[in-house]
Amino acid sequence: MSASADDAPSSPFPPMTLTDEAKQELVTNYETVLAKARAIGGDAVNVLPVSKTKHPEMIAALLPTCTVFGENYVQELCDKMNYFEERGLEVKFNFIGALQSNKINKLAKEGKNSLLRIDTVSSSKVINKLSNSLATNEWSRPLGVCLQIDTSLEDSKSGIPYNDVEAIKSLVELLGEKDNLEYKGLMTIGAPGDMECFDRLKAVFEEVGGDVLSMGMSGDFEEAIKRGSTEVRVGSTVFGKRDYPVKS
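Residue numbers (my numbering): 31 to 278.
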């Protein structure tokens, strides 16, 4: 019996079909950024494509060249995880957006298979709630965590102040006490054009340790790598200009 349209996986995303040329352009964009990044920092540097507001088929175009992507909005991330899981595609995600306490359980419930890391943790309250939610949802593996550090001390920026190293160390220790969470490293969103933000995070990283030093985006990733970044987050450089149809 042939499958009917009713058997197709449900999706909040409109149908999209990319041409071979469009798919190749996305791959070329990613490979160009990766080559530039590794020419500066070596093969250990990772490029995380940020796919917020982009259709899942644009993500699929990068498979298997790249299999891990960054997302900023909880609902959009959950929709995309479901999209790929329903289609049997191996795509993983890091959550890099503002983490609201009331969205933690949703991430824990829907991210069991595809959520690798949360990069915006900055309080013991969030760590404890996240650990409890993972336990409630019976995760079989630890979830990676990067602590978000405020390196500019601007009112608009989130994170632990970079100059409160004891608070940062305390959260690293707390993560070490959680069997279902795994401390990975540090992340910052610096002030535009202020390269000292990278230097500040690098100094903190050298003091507290970790595997991931996530800093630098499309406009400044090369300078970030020169200053020690091991992971850069690039969106428009890979996927093109964003539109913003949905936030949640």
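Note that the Cβ used here is the ideal one computed from N, Cα and C, for glycine as well.
Which value, in whole angstroms, describes the spacing of the CA atoms of residue i and residue j?
i, j, result
"Glu116", "Ser144", "12 angstroms"
"Tyr213", "Cys176", "6 angstroms"
"Phe125", "Val98", "11 angstroms"
"Met88", "Gln178", "28 angstroms"
"Gly270", "Gln130", "28 angstroms"
"Lys82", "Glu106", "8 angstroms"
"Thr218", "Lys53", "31 angstroms"
"Lys84", "Leu48", "13 angstroms"
"Asp229", "Cys108", "34 angstroms"
So with Cβ pairs under 8 angstroms, would you call residue i a contact of chain C?
i, result
"Ala221", "The structure shown contains no chain C, having only a single protein chain."
From the options, pick the residue whose C-alpha is nearest to that of residue i; which is it?
i, options, result
"Leu164", "Leu211, Ala90, Gly249, Ser259", "Leu211"
"Gly100", "Thr181, Asp149, Val234", "Asp149"
"Phe251", "Ala65, Trp169, Thr49, Leu48", "Ala65"
"Leu160", "Leu137, Ser182, Ser170", "Leu137"
"Gly189", "Asn167, Ser170, Ser41, Ser153", "Ser153"
"Asp185", "Leu216, Pro42, Gly220", "Gly220"
"Asp241", "Gly258, Arg230, Cys227", "Gly258"
"Asp209", "Arg68, Gly174, Asp224, Ser41", "Gly174"
"Tyr103", "Thr58, Ser200, Ala128, Tyr192", "Ala128"
"Cys227", "Met46, Lys155, Thr181", "Thr181"
"Leu201", "Asp224, Trp169, Val156", "Val156"
"Trp169", "Ala67, Asn135, Leu56", "Asn135"
"Asn112", "Glu203, Leu92, Pro86, Cys96", "Pro86"
When DSSP labels each residue in this structure, what does residue i get in the three-state scheme?
i, result
"Ser8", "The question about residue 8 has no answer here: the residues shown for the chain are numbered 31 through 278."
"Thr49", "coil"
"Ile70", "helix"
"Glu120", "coil"
"Asp149", "strand"
"Asp194", "coil"
"Ser154", "helix"
Only counting the same chain, and skipping five residues up and downstream in sequence, which positions put a Cβ closer than 6 angstroms to that of residue i?
i, result
"Gly71", "Ile255"
"Lys199", "Val238"
"Tyr192", "Ile179, Thr181, Arg230, Val234"
Using a Cβ-Cβ cut-off of 8 angstroms (strictly less than) and excluding sequence neighbours within five positions of residue i, which residues of its own chain qualify?
i, result
"Lys139", "Ser163, Asn167"
"Val264", "Val63, Val77, Leu78, Pro79, Val80, Met247, Ser248, Phe251"
"Ala90", "Phe114, Leu119, Val121"
"Leu146", "Val98, Lys122, Phe123, Asn124, Leu173, Gly174"
"Pro42", "Asp109"
For the ligand SAH, is there any heavy atom lying closer than 7 angstroms to the beta carbon of residue i?
i, result
"Ile190", "By its list of ligands, the structure shown contains no ligand whatsoever, and the ligand SAH lies outside what it can speak to."
By Cβ distance, which residues of its chain are closer than 7 angstroms to residue i, with the 5 residues on each side in sequence left out?
i, result
"Lys142", "Asn167, Trp169"
"Cys96", "Tyr60, Pro79"
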